[in-house]
Amino acid sequence: MVDGVQYGRITGSDIILSIILEENMQDFEKELQAMPSDEPEVALPSMEEQKKIVAELKKLEAEGKLTPEIMEEHFGKFFAEKKPH
Numbered sequence: 038m039v040d041g042v043q044y045g046r047i048t049g050s051d052i053i054l055s056i057i058l059e060e061n062m063q064d065f066e067k068e069l070q071a072m073p074s075d076e077p078e079v080a081l082p083s084m085e086e087q088k089k090i091v092a093e094l095k096k097l098e099a100e101g102k103l104t105p106e107i108m109e110e111h112f113g114k115f116f117a118e119k120k121p122h
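Sequence positions in the sequence shown follow my numbering and run 38 to 122.
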């Protein structure tokens, strides 16, 4: 026990999990590097704009008028499919 914290022993499964996580992180980093970066990022709305959007969406939801099309208007640009180069 060190400073009131008890440390357990490292098991074989801990080591295997660590190796798997490390490999997954390396794969993820490679995928990130391979992504094309020539497309500009879509800027997020300001905090005030976000508050207005939320208020509008809550109002529409309360009225039963919130549709997938309305959600697409507000959020579609953030989830647009990337076209292959």
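Glycine included, every Cβ here is placed at the ideal spot set by N, Cα and C.
Per DSSP, the unbroken alpha helix (DSSP H) holding M84 starts and ends at M84 to A99. With contacts defined by Cβ atoms closer than 9 Å, V91 and K114 do not form a contacting pair.
Taking C-alpha positions only, E106 is separated from I52 by approximately 48 Å. Judged by DSSP secondary structure, M62 falls within the alpha helix (DSSP H) whose first and last residues are G49 to A71. Per the coordinates, the alpha-carbon of K96 lies some 24 Å from the alpha-carbon of F116. When the Cα atoms are used, R46 and I56 turn out to be separated by approximately 17 Å. The C-alpha of Q63 is placed about 14 Å away from the C-alpha of L54. Between L103 and L94, the beta carbon gap of about 6 Å places them in contact (Cβ cut-off 8 Å).
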